[in-house]
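K.L.:
For reference, the structure I am asking about is given below.
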Amino acid sequence: MNHDVIIIGSGAAGLTAALALAEQRKVLVLAKGELTGGSTAWAQGGIAAVLDAGDTFENHIHDTMVAGAGLNRLETVEFVIERAPHAIDRLVELGVPFNTEDEHLHLTREGGHSHRRIVHVADATGWAVQEALLKAANANPNITLLPHQACIDLITGKHEARYSGSGRVWGVYALDEITGKVVAHTAKATVLATGGAGRVYQFSTAPRGATGDGIAMAWRAGCRVGNMEMMQFHPTCLYNLEVKNFLITEAVRGEGGHLLNPRTGHRYMPDYDERAELAPRDIVARANDAEIKRDGLDYVHLDISHQPADFVKGHFPNIYEKLLGLGIDMTTQPIPVVPAQHYTCGGIMIDLAGRTDLPGLYAAGECTESGLHGANRLASNSLLECFVFGEAAAADILARWDEFDAPPPVRQWDASRVTDSDEEVIIKQNWTEIRRFMWNYVGIVRTTKRLERAAHRIQMMGAEVDDYYGHFRVSTDLIELRNLLQCADLIVRSALDRHESRGLHFTLDYPKLLAVAKDTVLVP
Ligand code: FAD
Ligand code: SIN
348 MNHDVIIIGS GAAGLTAALA LAEQRKVLVL AKGELTGGST AWAQGGIAAV LDAGDTFENH
408 IHDTMVAGAG LNRLETVEFV IERAPHAIDR LVELGVPFNT EDEHLHLTRE GGHSHRRIVH
468 VADATGWAVQ EALLKAANAN PNITLLPHQA CIDLITGKHE ARYSGSGRVW GVYALDEITG
528 KVVAHTAKAT VLATGGAGRV YQFSTAPRGA TGDGIAMAWR AGCRVGNMEM MQFHPTCLYN
588 LEVKNFLITE AVRGEGGHLL NPRTGHRYMP DYDERAELAP RDIVARANDA EIKRDGLDYV
648 HLDISHQPAD FVKGHFPNIY EKLLGLGIDM TTQPIPVVPA QHYTCGGIMI DLAGRTDLPG
708 LYAAGECTES GLHGANRLAS NSLLECFVFG EAAAADILAR WDEFDAPPPV RQWDASRVTD
768 SDEEVIIKQN WTEIRRFMWN YVGIVRTTKR LERAAHRIQM MGAEVDDYYG HFRVSTDLIE
828 LRNLLQCADL IVRSALDRHE SRGLHFTLDY PKLLAVAKDT VLVP
């Protein structure tokens, strides 16, 4: 099926691009599972933007570079931060009901920010943003939203019916999760907005579908990926044996919450950093990890019970209700928390127009390495990145429209030599194994020996997964397993390449910071 533009992903990046493109072009948006299945709908804290009279772009740029440990690209940081107020205005126009105070947007605070600059919708900002974007997209006659489409691989020059050998991207093969058929969707331009790869780790705040599909597809098609070792761990994921990935927003610390050692009651963050609980995330996550490992704890405590009950309930109504349902009253009790994987800082290399290395292929949002986050993302800068790069990619596609050729005939998906799987257990076993060794060997604190062990396992599993993929009909689980393994490989190779500790990459074998900050760029 042919379209003007295909967007893979219906989160903040994908829908922002779709709405901008739909002013002139017909857009198809494909999403795995439900349209609300990405991380966007789960975002809690908010969106960072300079909106306070006492704040400046320079402050936000400085905070972003400090959190990113100097690995950020200054040009990108300036590009994004200067466009933040416009992005917020757009969201207000779309009807996002941000919290206000005295007729101004209420600004909360998060770690690494020197000023209050986070606009939010209570503690469920992402859901409000996702709803507003979906409502606008649904109402737009130029946008077709197609959920339950698990994209498998990009269609490139090598899939043309008459092989041209070009690296041009012409669309994507997608598995219709309802009918089980694979369809070739073609277009003049394709945008990857597939989110992160958090589920490569056993413990993650990210949704089930965050399996790095876009990063893996782009890599297989020939794109460079950068800084994949920079995996962000959030310091405060709820510790609960039943509810495994419920985030407790950083804004709880922003509004006065303290981290306490549950054994001694000691507030330990001032011992680790002068910014205490509001130090950048890598520092707080490592401190929590150190307390847990040193004292053999299951968790640490996050305590905001010293604030008035109405203040806590007013700021965090959803978290309060959720915890109450689990028997924890956060207005009177501390919350047990642990660090968990949260955000993929690296990804597909893009320029300021969202262009990847391949003609016809753009990317935006968490699946990219734009240069904004460097070695550690500053809290609430990621939704912002989605809005800015979603618009930038759309603007570039529209500006170049006349240069784009129409897609040639491409080969249809060939399923004639595969059969139904007789051993689904292999998929489950490999999923569990990858996520466990990535957590244990490629986590918050790394060593070369552990990374090499992970690399060895990835190599062994690669042959098994390739064999399985070559013989059996594709399913979403199999597509995801293949991509998880691909991303695990990219993360481990990048981590082995970095011979220093910078930001999120902390290794006992190279504890020092090198004088020059350099991206880790892998070339297919
Ligand atoms: P996503 O919103 O993740 O969307 C990805 C889309 O791609 C989905 O539609 C998915 O179905 C689709 N997709 C993936 N693979 C395929 C495939 N193979 N085929 C077809 N479709 C596919 N950031 C902030 O700035 N502020 C916050 O307060 C904040 N809080 C967060 C809280 C949580 C719990 C989490 C997990 C993240 C949070 N983040 C926050 C990060 C932020 O939510 C994400 O970085 C951002 O939403 C990513 O948006 P995206 O559009 O790039 O991808
Ligand atoms: C949070 O609310 O703590 C998450 C914010 C973010 O990831 O940017």
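Going by our numbering, the first residue of the sequence shown is number 348, and it counts up by one from there. Cβ coordinates follow ideal geometry from the N, Cα and C atoms, glycine included. Since the model is a prediction, treat every value here as computed from it, not as a measurement.
1. Could you check which residue in Val-538, Pro-488, Gly-542 has the C-alpha nearest to that of Trp-389?
2. I need the straight-line Cα distance from Asp-402 to Gly-701, nearest angstrom please.
3. How is the alpha helix (DSSP H) around Ile-773 delimited, first residue to last?
4. Answer with buried or exposed for Thr-423, where buried requires no fewer than 16 other C-beta atoms within 10 angstroms of its C-beta.
5. Please list the terminal residues of the continuous beta strand (DSSP E) segment that includes Phe-593.
6. Buried or exposed: which applies to Gln-579, given that a residue is buried once 16 or more other Cβ atoms fall within 10 Å of its Cβ?
7. Measure the beta-carbon distance from Leu-670 to Ile-682 and round it to whole angstroms, keeping in mind my assumption that it falls under 8 Å.
8. Return yes when at least one heavy atom of the ligand SIN lies under 7 Å from the C-beta of His-662, else no.
9. Hey, Thr-306 and Val-519: beta-carbon distance below 8 Å or not?
10. Run the CB neighbour count on Met-785, radius 10 Å, all protein chains shown included, and call it buried at 16 or more, exposed below.
11. What are the boundary residues of the beta strand (DSSP E) that includes Ile-892?
12. With a threshold of 7 Å, establish whether the CB of Thr-541 neighbours any heavy atom of the ligand FAD.
13. Have a look at the DSSP bridge pairing and note the partners of Arg-614.
14. Jot down the residue ranges of each uninterrupted alpha helix (DSSP H) in the stretch 703-764, minimum 4 residues, whole runs only, in chain order.
15. Can you grab the Cα-Cα spacing for the pair Leu-837 / Asn-830, in whole Å?
16. Check whether the stretch 748-758 and the stretch 723-739 are in contact - that is, three or more C-beta pairs closer than 8 Å.
17. Give the DSSP bridge partners of Val-352, in chain order.
18. Could you spell out where the alpha helix (DSSP H) holding Ile-435 opens and where it closes?
19. Using a Cβ-Cβ cut-off of 7 Å (strictly less than) and excluding sequence neighbours within five positions of Leu-438, which residues of its own chain qualify?
20. Looking at the secondary structure, which residues open and close the beta strand (DSSP E) in which His-648 lies?
21. Taking the continuous alpha helix (DSSP H) assigned at Trp-474, which residues delimit it?
22. So, using beta-carbon positions, are Gly-850 and Ala-416 closer together than 8 Å?
23. Is it true that the CB of Glu-457 sits closer than 8 Å to the CB of Gly-569?
P.N.:
Concretely, from the data shown:
1. Nearest Cα to Trp-389 within the set Val-538, Pro-488, Gly-542: Gly-542.
2. 28 Å
3. Following the DSSP letters along the chain, one finds Ile-773 inside the alpha helix (DSSP H) bounded by residues 772-788.
4. buried
5. No beta strand (DSSP E) contains Phe-593, which DSSP labels as neither H nor E.
6. So Gln-579 counts as buried.
7. 6 Å
8. no
9. What is shown of the chain runs 348 to 871, which leaves residue 306 out entirely.
10. buried
11. In the structure as shown, the chain starts at 348 and stops at 871, and residue 892 therefore has no counterpart that could be examined.
12. At least one heavy atom of the ligand FAD is nearer than 7 Å to the Cβ of Thr-541, so yes.
13. DSSP links Arg-614 through a beta bridge to Leu-607.
14. Fully enclosed alpha helix (DSSP H) runs of 4 or longer: 729-746.
15. Going from the Cα of Leu-837 to the Cα of Asn-830 covers about 10 Å.
16. no
17. Val-374, Ala-536
18. 431-441 is the extent of the alpha helix (DSSP H) around Ile-435.
19. Exclusion of the five residues before and after Leu-438 leaves Val-476, Ala-479 as the residues of its chain whose Cβ lies within less than 7 Å of its Cβ.
20. Run containing His-648: 647-650, per the beta strand (DSSP E) assignment.
21. Here the alpha helix (DSSP H) through Trp-474 covers 472-485.
22. Going by C-beta atoms, Gly-850 is nearer than 8 Å to Ala-416.
23. Taking 8 Å as the cut-off, the Cβ atoms of Gly-569 and Glu-457 do not count as close.
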